[in-house]
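The opening residue of the sequence shown carries number 1 in full-length UniProt numbering; numbering runs sequentially from there.
In this text, a Cβ means the ideal position worked out from N, Cα and C, and glycines have one as well.
All figures in this text were calculated on a predicted structure; none of them were measured in a lab.
Notes follow the structure.
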Amino acid sequence: MQCLPSPNQLLQALDAADFALLRPHLGTVEMVRETVLGEAGVAPRHVYFPHGGSVSITVGLSKGQLIEVAMLGRDSVVGSSAALAEGIASADAVVLFPVTTSVLDVAAFRAIAATSARFRDLMIRHEQALLAQVQQSLVCNTLHPVEARLARWLLRARDLSDTEVLPLTQELLARMVGVRRNAVSLVAHALQRAGIIHYSRGQIEITDLRALEAMSCDCYRAVKSRYAHLLKASR
1 MQCLPSPNQL LQALDAADFA LLRPHLGTVE MVRETVLGEA GVAPRHVYFP HGGSVSITVG
61 LSKGQLIEVA MLGRDSVVGS SAALAEGIAS ADAVVLFPVT TSVLDVAAFR AIAATSARFR
121 DLMIRHEQAL LAQVQQSLVC NTLHPVEARL ARWLLRARDL SDTEVLPLTQ ELLARMVGVR
181 RNAVSLVAHA LQRAGIIHYS RGQIEITDLR ALEAMSCDCY RAVKSRYAHL LKASR
């Protein structure tokens, strides 16, 4: 028996008994862009189950550079790994697109994980899916051309936000895929000329979804398949 409907797909996957354990501890908060949900090297205080939008998981490089290694949203949970291990976060977690999220205290999360083997197993399998996404992102950023990486990123953002219109600048997009802004600008111009996207200041609209999917590398489909398997196996 599944729990009552929830915008977060992991919460949807819980049975009624496990959701009843969480319900008294869950709160709901609105998060604006650049809200910090977790910092590398810092023990988390809360665990977040996003309803939509997206949260960027980034690691720092030399000279203050950042690169995104994963993007989380309504198919995910933020902060569970460090919470389960009673450790510190290994990366930063920052709101990329505004998001409503269910939130609970780390102590309550740990108590429920200790009580319910099914809940604990779901969280562990989510961490495996997250690790697979991190590995896929690193391979993609190392081996694949900018066009494919950009398409992969836009598709993942679109899936999580459930909209073709994404509020982001070319500068932010360049930072997320780990390339120079002029490289993103050249690709964006080419995609707009081809009718695949339309961009204006601070906004990119996907206008030909199938063409963007065809341009993307297999990394997008691999990550999407992994999360679909996670959610299907939990039901």
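Can you tell me which of the three DSSP states residue i falls into?
| i | result |
| --- | --- |
| P24 | helix |
| S161 | helix |
| T115 | helix |
| L61 | coil |
| V106 | helix |
| L14 | coil |
| T101 | strand |
| A148 | helix |
| H46 | strand |
| P7 | coil |
| D121 | helix |
| S90 | coil |
| S56 | strand |
| V95 | strand |
| V29 | strand |
Applying the 10 Å Cβ sphere with the 16-neighbour rule, what's the burial state of residue i?
| i | result |
| --- | --- |
| R221 | exposed |
| I88 | exposed |
| H126 | buried |
| P50 | buried |
| L143 | exposed |
| P145 | exposed |
| A129 | buried |
| V69 | buried |
| A148 | buried |
| I124 | exposed |
| R118 | exposed |
| L154 | buried |
Mind checking which residues open and close the alpha helix (DSSP H) that includes residue i?
| i | result |
| --- | --- |
| V187 | 181 to 193 |
| E213 | 209 to 215 |
| S80 | 80 to 85 |
| E171 | 170 to 177 |
Sorted by chain position, which residues of the same chain lie with C-beta nearer than 6 Å to residue i's C-beta, five sequence neighbours on each side aside?
| i | result |
| --- | --- |
| V95 | M31, R33, T35, V55 |
| C3 | Low confidence applies here, because C3 scores a pLDDT of 43, under 50, leaving its location unreliable and the question unanswered by this model. |
| A43 | I88 |
| V223 | Q133, Q136 |
| L26 | S102, L104 |
In the DSSP assignment, the beta strand (DSSP E) including residue i goes from what residue to what residue?
| i | result |
| --- | --- |
| S200 | 197 to 200 |
| I67 | 66 to 72 |
| G38 | 36 to 38 |
Please return the same chain residues whose Cβ sits closer than 8 Å to the Cβ of residue i, not counting the five positions on each side in sequence.
| i | result |
| --- | --- |
| R158 | E164, L166, I206, L209 |
Apart from the five residues just before and just after residue i, which ones in its own chain have a Cβ nearer than 7 Å to its Cβ?
| i | result |
| --- | --- |
| Q9 | R74, D75, L231 |
If you pair each beta-carbon of the stretch 190 to 199 with each one of the stretch 210 to 230, do three or more pairs fall below 8 Å?
-> The stretch 190 to 199 vs the stretch 210 to 230: in contact.
At least three beta-carbon pairs within less than 8 Å, the stretch 108 to 126 to the stretch 51 to 62 = As far as the Cβ criterion goes, the stretch 108 to 126 does not touch the stretch 51 to 62, which means the pair count is below three.
At least 3 beta-carbon pairs within less than 8 Å: the stretch 74 to 81 vs the stretch 171 to 191 = Fewer than three beta-carbon pairs drawn from the stretch 74 to 81 and the stretch 171 to 191 are found closer than 8 Å, and the two stretches are therefore not classed as touching.
Tell me, please, whether the stretch 156 to 168 touches the stretch 100 to 109 by the rule of three or more beta-carbon pairs shorter than 8 Å.
-> As far as the Cβ criterion goes, the stretch 156 to 168 does not touch the stretch 100 to 109, which means the pair count is below three.
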